[in-house]
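Undergrad: The sequence shown maps to residues 24 to 124 in this note's numbering.
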Amino acid sequence: MTKDNKIIQLLDLIKYPIITDKTTKLIENNIYCFAVSKKANKNNIKQAIEYIFNVKIKKINTLNNPPKIKSVGKFKGKITQNKKAIIQLYNEYTINLFEDN
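1. K38: which of N77, A63, K91 sits nearest, CA to CA?
2. With a CB to CB cut of under 6 Å and the five nearest residues on each side skipped, what residues in its chain are close to T46?
3. Could you give the DSSP three-state label for Y74: helix, strand or coil?
4. To the nearest angstrom, report how far apart K107 and K97 are at their CA atoms.
5. How would you label I42, buried or exposed, when you count the other beta carbons within 10 angstroms and need 16 or more for buried?
6. Taking 7 Å as the cut-off, does the CB of N64 come closer than this to any heavy atom belonging to the ligand NAD?
7. How big is the Cα-Cα spacing for I31 and Y74?
8. Could you check which residue in N53, N28, D44 has the C-alpha nearest to that of N119?
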């Protein structure tokens, strides 16, 4: 596998940052939440975040959210299952999720 293919695979693992009231409070403690691919493991997530944001990671927790069942009228369906990564950085590093213009 070439280096370019490996970098592209790492970039595909991270989908988007999860921004809620609870996660914005965690940002003050240098803890960030990201939605990641279901195939991602902790080592791949660590490599991807360190490459994209140029930071050092102290700790990673991952969890699989189960699919939720929603009903619209008489029809029932499932909302897709996703995986979440909770990442704690060392104190000297931060990720700027909100651009200052």
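Idealized CB from N, CA, C, for every residue including glycine.
TA: According to the data block:
1. The residue you call residue 38 lines up with position 15 of the sequence shown. Per the Cα distances, A63.
2. As a working mapping, residue 46 is identified with position 23 in the sequence shown. Same-chain partners within the cutoff: C56.
3. For this step, residue 74 is matched to residue 51 along the sequence shown. Looking at Y74 - three-state DSSP - the assignment turns out to be helix.
4. Stepping through the sequence shown from its first residue, residue 107 is reached at position 84. Stepping through the sequence shown from its first residue, residue 97 is reached at position 74. Straight-line Cα distance between these residues: approximately 31 Å.
5. Within the sequence shown, residue 42 is the residue found at index 19, counting from 1. It is exposed - the Cβ of I42 has fewer than 16 other Cβ atoms within 10 Å.
6. Absence of the ligand NAD from the depicted structure is noted, as is the absence of any ligand whatsoever, leaving it without description.
7. For the purposes of this step, residue 31 is taken as residue 8 along the sequence shown, with counting starting at 1. For the purposes of this step, residue 74 is taken as residue 51 along the sequence shown, with counting starting at 1. In a straight line, the C-alpha of I31 is about 11 Å away from that of Y74.
8. Counted from its first residue, the sequence shown places residue 119 at position 96. Nearest option by C-alpha distance: N53.
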